[in-house]
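A.B. asks: Would you mind keeping the following structure in view while I ask a few things?
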Amino acid sequence: MARRVNRFLTSSVFWRGVISIVVFIVLWELGARSKQWMAPEFFAPFKALLGAMGFKKDYLPWIGVVPAPSAVLAAWGDVLTSAGYWMSWYKSLFRVMGGFLAAMFVGIPFGLALAVSRTAYGTFFPTFEVLRPIPPLAWVPASIIFWPTQELSITFVTFLGAFYTIVINVLGGARSIDQRYFQAAQSMGSSRWDIFRRVILPGTLPSIMVGSAVGMGITWEVVVAAEMISGGGSQAAGTGGGLGFFIWNSYVGGSYEQIVVGMISIGIAGYFSSELLRTLGKYVTPWLRVR
Amino acid sequence: MDLRAPDPQERPAATRGRILIDDVVKIYDPEGAAVMAVDHCSLDIEAGEICMIVGPSGCGKTTLLNAIAGFHEITSGTILLDGEVLCSRDRPKAEPGPDRIVVFQNGALFPWKTNLDNVVFGPVMQGKLTPKEAMDKGRAMMADAGLSGVELNYPGEVSSGMRRRVEIVRALMNDPKVLLLDEPYRALDSLTKSVMHEALLEIYYKNKVTIFFITHDLEEAIFLGHKVAIMTTRPCKPKKVLTVDIPHPRDYSVLTSKRFRELIEETNEAVHEEALKAFQAGEKEG
Amino acid sequence: MEIALNASLQDADLDVLRATTPFRDAPDALLRAVAAIARRARYGAGERVYSASDDADDIFVVVSGRVEHVFTPEVGARDPLKRMTRGGVFGWAGLLLGHTRRLATVTASEPTEVLRIDTEALVKILESEAVAGNAVMERFASLIAREFTVPELLAQVRRLAGRPQPEEMTSLGLTMYRMSLWLKSPRPYLMVVGFALLLGFWYLTVEVWRLPRFKEMPGITAVIREWLSPNPTYGLSFYTAEYYQHIGMSVWRIAQAFFLATALGVPFGLFLGWSRKFKEYVFPVFELLRPIPILAWVPLAIVMFIATESAVVFLAFLASFFATALNTMLGVESIDESYVRAASCLGAGKWQVFRHVIMPGALPFIFTGLQISIGVSWFSLVAAEMVSGQYGLGYVINTSYMMVRYPTIVIGMITLGFVGYATSAMVRIAGDYLMEWRVRELALAER
């Protein structure tokens, strides 16, 4: 295993990746600092060219206003010591967990019920399909009106986001179970409950895990947005909070470096939670591991 | 079905498609696991001959086919086609080309093109025929193979037996020197298989082409082939090479003839020995 | 071909006829008359029985063996391939209105024996038997439509002379017929029950029982009244121009974002899948940026694009781009290597392989990606509109909340649902149109 890691670290794949990331950061740094290096007279014709194309400022369009990676790193160092930052992490994680677990708890049985019973499918699936195109965020105001606390309203919206994905994946997984497994079970005299427990559940498990990994990603999207929309609207201290709010607050407060700090933080959080689920998935479905 | 050959000889006179496999070695991952797939294998295949390669799954016979086709490199040795070097130690990988066309195990007809479009793909891509000429020739060849009526269907809409035949026609449209068949009938039921065998022979009698046919079915090999090479389990090399002296043209009555049974008896033990070795080595399906 | 004179052979024929769908319940007298005109015929394994476009003279009944029956694509059958053994009936093209030529190619896959029945002679026999004859014709019609999956429009059998005839099926008639079939199944009623439950729940909890948390919510009657009123209290209904302005604005933004993302994302993804070097250099950066939730980009987008309009479109574009590029790449990578190898064997150059193998092969994945991307696009657009922007459905929902115009929130939500669904469906239909081969393949797989 150690040898495999070693071989990866010295392979061309790894180094090409490193090069590209380094190049990306360098370009970012240069672009962000364009206000400075474009200042001297030397660049006047270049500025004129930009002006002719419609960009009338003294720096590169779009990238010129973005904070530089060096500044971001510095800001991150500052923020790591502030309690508010870690509080935001905690709050966001809490909401994600809550919404996600609720979605699994409700979504998996619901999906399985739809897959198993034609009556249930015929009754509930059309309604589900009609509600699904409504983006979860559109539910935010309704959610705020309904739920007593802001916490619950955000968690509800998060729940919705993951719920749709999980149900669709469970349904897809159940339907794609090879008919022959059912036939084999029936020919061996299994009862309906047995078939459910030993054919449908394990057969759907891979799709459930895939659905939850995807659902997790969506959950983070929704949490961030919900925090920005609801938390960002109000200035009340103590309510709101979370990484989305952190980003919005940084924007309002004018510290652009912190915006990027927040963005990267959420990216990391989202990535690791999805990876965690994927690993859990592999653990739970050992039969999918190929030699 | 009419199996009369155009001229009743043992094999149609062919002047091209002679393959010489000379002391070929193939080692996968030489600096890592160093798995030898082909071990100093030498085989001489005459022009226009049907050469059957029999061996247990995973023994390396597909590697040989891939080397001839140009999909894999060899480590050492030489493969020559009509005297020209296809690949050698200095130039380990041949270029895939229309002189050696492969018919794949699971079929590789393009599902997004109709059967006719598949069949004319080769000549049209190479610019050898105009689309109209190609379509006319394609329709004629399909009719010859008993496939008229399904030109405009997609491959997914016809049976797997028909798909195989379309794939063979697609190959033959390019007038290749060699047809490389990698267990093409493996997935078919035995009834369809026997029909396919006769169809293949009929096509063979009409076209002068060398056939390099991989199978694990000894009966299929002896029924079809001029020459049968029984390969050892991995790493593979010819364990026993047999010349089948049953005259062509052959039909299914051959299967119950005395000579056929004798040949099976001669070779069965060798095949069985290798199969047992492979089983004990726990070979996965290749 | 022999003419059956032997009595015991006749009995065997009767048995076979009784095993077929059209003749199953026919009276013995009719069956004997049919058996009398039937002739036996034999085919060897692999022998062609008939080809499409031959004259449709005889109807065939399989006595023993097996045949393969493949429709030409013009027929439009859902499952063009059908295998038949004893009791299978084929060659009935002559019974259809306006058809005298074969619609399929039939080959025997084993040594097969059949009964051949002259079509015109059969029709005469059926005409001579009042009730039974009509029943057999109806059975033929149902056999052709259901077991052979021929579309209704084509599967209309000839009239028997001397019978009072039903009206000829116009396409309106056919649609009504299909609707009647659907209505007879339980599906539409279950669907209605499902909707009724939802709406009922909404109505009861908010307006009738006035449950504690629910009573603040806008009720269903309030919403409907507002939506359908020519003079809405809060300014938005089917009758106001403003409603359509908002819809148009959102749709316009989605269109920009989606088309831009597709135009950039598909080639980018194709290249990522096609060239390993390119992927090694570019994919790490792509994967670094992808986990950042799109909405986390909102403030940065506002900073970068001073005009909020561009910022909003940028956000929708970004979401769409990631999904499209990723799925396209996966599509290319999932193409079976055999196809590429086969193409190079057949003499195709690198760009030819790309155009004829990679692009069509990746198309199913690309379209899945596009459907995901349009969903994700809407998701991001709505959020972006809610946070910053003027006009648009997201903006409507947000401001309605701020201004305590609760029914309008719901109007906005439902409209979003409809429009989102419609745009998704358009993408899906475009995909079905471009990938006819896949639609047919999937239909066959569902057997």
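Chains as they are written, first to last, in the numbering used here: chain A, 1 to 291; chain B, 292 to 577; chain C, 578 to 1024. Think of the CB as a built atom: it goes at the ideal place given N, C-alpha and C, for glycine as much as any other residue.
Step through the CB atoms of chain A and report whether any lies within less than 8 Å of the CB of C:GLU914.
C.D. replies: Here the question's residue 914 of chain C lines up with position 337 in the third sequence. Not closer than 8 Å to any Cβ of chain A, the Cβ of C:GLU914 fails to qualify, so no.
A.B. asks: Does the beta-carbon of C:ALA1007 have 16 or more other beta-carbons within 10 angstroms, so that it is buried, or is it exposed?
C.D. replies: By 1-based counting over the third sequence, the position of residue 1007 of chain C is 430. It counts as exposed.
A.B. asks: Identify whether A:PRO141 lies in helix, strand or coil by the three-state DSSP scheme.
C.D. replies: For this step, residue 141 of chain A is matched to residue 141 along the first sequence. A:PRO141 falls in the helix class under three-state DSSP.
A.B. asks: At a CB-CB cut-off below 8 Å, which residues of chain B make contact with C:ARG918?
C.D. replies: The residue given as residue 918 of chain C occupies position 341 in the third sequence. Correct list: ALA360, PHE362, PRO387, VAL393, PHE395, ALA399.
A.B. asks: Whose C-beta lies closer than 8 Å to the C-beta of C:THR597 among residues of the same chain, with five residues either side of it excluded?
C.D. replies: Within the third sequence, residue 597 of chain C is the residue found at index 20, counting from 1. Here the set comprises VAL638, GLY664, GLY665, VAL666.
A.B. asks: In the segment 127-152 of chain A, which residues sit with their C-beta less than 9 Å from some C-beta in chain C, listed in chain order?
C.D. replies: Answer in chain order: THR127, PHE128, GLU129, VAL130, LEU131, ARG132, PRO133, ILE134, PRO135, PRO136, LEU137, ALA138, TRP139, VAL140, PRO141, ALA142, ILE144, ILE145, PHE146, TRP147, PRO148.
A.B. asks: Nearest by alpha-carbon distance to C:VAL1049: which of C:MET906, C:ILE801, C:PRO861 is it?
C.D. replies: Residue numbering for chain C in the displayed model covers 578 to 1024; residue 1049 of chain C lies beyond these limits and cannot be assessed.
A.B. asks: Write down the C-beta distance between B:GLY361 and B:PRO383 rounded to the nearest angstrom, noting that I regard them as a contact closer than 8 Å.
C.D. replies: Your numbering for residue 361 of chain B matches position 70 in the second sequence. Your numbering for residue 383 of chain B matches position 92 in the second sequence. About 11 Å separates the two Cβ atoms, so there is no contact after all.
A.B. asks: Beta-carbon of C:THR682 versus every beta-carbon of chain B: anything under 8 Å?
C.D. replies: The count along the third sequence starts at 1 and reaches residue 682 of chain C at position 105. Taking Cβ atoms only, chain B reaches closer than 8 Å to C:THR682, which makes this a yes.
A.B. asks: What are the start and end residues of the alpha helix (DSSP H) that includes A:GLY111?
C.D. replies: As a first step, residue 111 of chain A is located in the first sequence; it is residue number 111 there, counting from the start. Unbroken alpha helix (DSSP H) run through A:GLY111: 83-116.
A.B. asks: Taking any Cβ of chain B, which residues in the segment 921-932 of chain C have a Cβ under 7 Å from it, in chain order?
C.D. replies: Flagged, chain order: SER921, CYS922, LEU923, GLY924, ALA925, GLN929.
A.B. asks: For the alpha helix (DSSP H) that C:VAL875 lies in, which residues bound it at each end?
C.D. replies: Position 298 of the third sequence holds residue 875 of chain C. 875-881 is the extent of the alpha helix (DSSP H) around C:VAL875.
A.B. asks: Kindly identify the DSSP beta-bridge partner or partners of B:CYS332.
C.D. replies: Here residue 332 of chain B corresponds to residue number 41 of the second sequence, with the count starting at 1. Answer by DSSP bridge pairing, in chain order: B:VAL315.
A.B. asks: For C:TYR1025, write down the residues that DSSP places opposite it in a beta bridge.
C.D. replies: Only positions 578 to 1024 of chain C appear in this structure, which leaves residue 1025 of chain C out of reach.
A.B. asks: Mind checking A:TRP37: buried by the 16 CB within 10 Å criterion, or exposed?
C.D. replies: Start at 1 with the first residue of the first sequence, and residue 37 of chain A comes out as number 37. A:TRP37 is exposed by the Cβ-count criterion.
A.B. asks: Here's a check: name, in chain order, each residue in its chain whose Cβ is nearer than 7 Å to the Cβ of B:ILE513, leaving out the five neighbours to either side.
C.D. replies: Here residue 513 of chain B refers to the residue found at position 222 when the second sequence is read from its first residue. Correct list, in chain order: VAL519, VAL535, PHE551, LEU554, ILE555.
A.B. asks: Considering only the alpha carbon of each residue, which of A:ASN6, A:PRO141, A:LEU160 lies closest to C:ILE974?
C.D. replies: Walking along the third sequence from the start, residue 974 of chain C turns up at place 397. Of the listed residues, the one whose Cα sits closest to C:ILE974 is A:PRO141.
A.B. asks: Find out if the Cβ-Cβ distance for the pair C:SER686, A:PRO133 is shorter than 8 Å.
C.D. replies: Sequence index remark: in the third sequence, residue 686 of chain C carries index 109 (1-based). Sequence index remark: in the first sequence, residue 133 of chain A carries index 133 (1-based). Cβ atoms of C:SER686 and A:PRO133: not closer than 8 Å.
A.B. asks: Helix, strand or coil: which one does DSSP assign to C:VAL1004?
C.D. replies: On the third sequence, residue 1004 of chain C is found 427 positions in, with the first residue counted as 1. Helix, per DSSP.
A.B. asks: Using Cβ-Cβ distances below 7 Å, what residues of the segment 930-960 of chain C are close to chain A?
C.D. replies: So the list reads TRP955, PHE956, VAL959, ALA960, given in the order they occur along the chain.
A.B. asks: Starting from B:PRO529, follow the beta strand (DSSP E) in both directions and report where the run begins and ends.
C.D. replies: Reading the second sequence from its first residue, position 238 is the one you call residue 529 of chain B. Residues 529-534.
A.B. asks: So, does the CB of C:TRP851 fall closer than 8 Å to a CB anywhere in chain A?
C.D. replies: If you number the third sequence from 1, residue 851 of chain C lands on position 274. No, its Cβ sits nowhere closer than 8 Å to a Cβ of chain A.
A.B. asks: Does any C-beta atom of chain C lie closer than 8 Å to the C-beta of B:ALA478?
C.D. replies: As a first step, residue 478 of chain B is located in the second sequence; it is residue number 187 there, counting from the start. Not closer than 8 Å to any Cβ of chain C, the Cβ of B:ALA478 fails to qualify, so no.
A.B. asks: Should C:THR649 be flagged as near chain B, meaning a C-beta pair shorter than 8 Å?
C.D. replies: Here residue 649 of chain C refers to the residue found at position 72 of the third sequence. By this cut-off, C:THR649 is an interface position.
A.B. asks: Would you check if the segment 860-876 of chain C and the segment 794-813 of chain C touch, i.e. whether three or more CB-CB distances between them fall below 8 Å?
C.D. replies: Segments in contact, no.
A.B. asks: Whose CA, out of C:ALA718, C:ILE935, C:PHE600, C:GLY969, lies closest to the CA of C:MET571?
C.D. replies: The structure shown does not extend to residue 571 of chain C, since chain C is modelled only from 578 through 1024, so no value can be given for it.
A.B. asks: Are the segment 368-381 of chain B and the segment 475-488 of chain B touching by the rule of at least three beta carbon pairs closer than 8 Å?
C.D. replies: Too few Cβ pairs lie closer than 8 Å, so no.
A.B. asks: Once the 5 residues before and after C:THR885 are set aside, which same chain residues still bring their CB inside 6 Å of it?
C.D. replies: As a working note, residue 885 of chain C is residue 308 in the third sequence. Cβ within range, chain order: SER965, GLY966.
A.B. asks: Looking at the structure shown, is B:LYS384 part of a helix, part of a strand, or coil, going by DSSP?
C.D. replies: Working through the second sequence from its first residue, we reach residue 384 of chain B at position 93. If DSSP states are grouped into helix, strand and coil, B:LYS384 belongs with the strands.
A.B. asks: Counting only beta-carbon separations shorter than 8 Å, does B:GLN571 have a partner in chain C?
C.D. replies: Counting from one through the second sequence, the residue named residue 571 of chain B turns up at place 280. It does not; no Cβ of chain C falls within 8 Å.
A.B. asks: Quick check: is the beta carbon of C:GLU687 nearer than 8 Å to any beta carbon in chain B?
C.D. replies: The residue labelled residue 687 of chain C in the question sits at position 110 within the third sequence. Answer yes: the Cβ-Cβ gap between C:GLU687 and chain B drops below 8 Å somewhere.
A.B. asks: Would you list the one or two residues that DSSP bridges to C:GLU645?
C.D. replies: Against the third sequence, residue 645 of chain C aligns to sequence position 68. In DSSP, C:GLU645 forms a bridge with C:ARG660, C:THR684.
A.B. asks: Which residues in the same chain have their Cβ closer than 8 Å to the Cβ of B:PRO299, if we skip the five residues on either side of it in sequence?
C.D. replies: Counted from its first residue, the second sequence places residue 299 of chain B at position 8. Bear in mind that a pLDDT of 42 at B:PRO299, under 50, signals an unreliable position, so the model cannot answer this.
A.B. asks: To the nearest angstrom, report how far apart A:VAL261 and A:GLU29 are at their CA atoms.
C.D. replies: Counted from its first residue, the first sequence places residue 261 of chain A at position 261. Counted from its first residue, the first sequence places residue 29 of chain A at position 29. One C-alpha to the other measures close to 15 Å.
A.B. asks: Just to confirm my understanding: we take B:ASP313, look at its own chain, exclude 5 residues before and 5 after, and list those with CB closer than 8 Å. What are they?
C.D. replies: Residue 313 of chain B sits at position 22 when you count from the first residue of the second sequence. Here the set comprises SER333, GLY368, THR369, ILE370, LEU371.
A.B. asks: Return the bridge partner residues of B:SER367 from the DSSP annotation.
C.D. replies: Within the second sequence, the letter at position 76 stands for residue 367 of chain B. For B:SER367, which the question treats as bridged, DSSP gives the partners B:VAL316.
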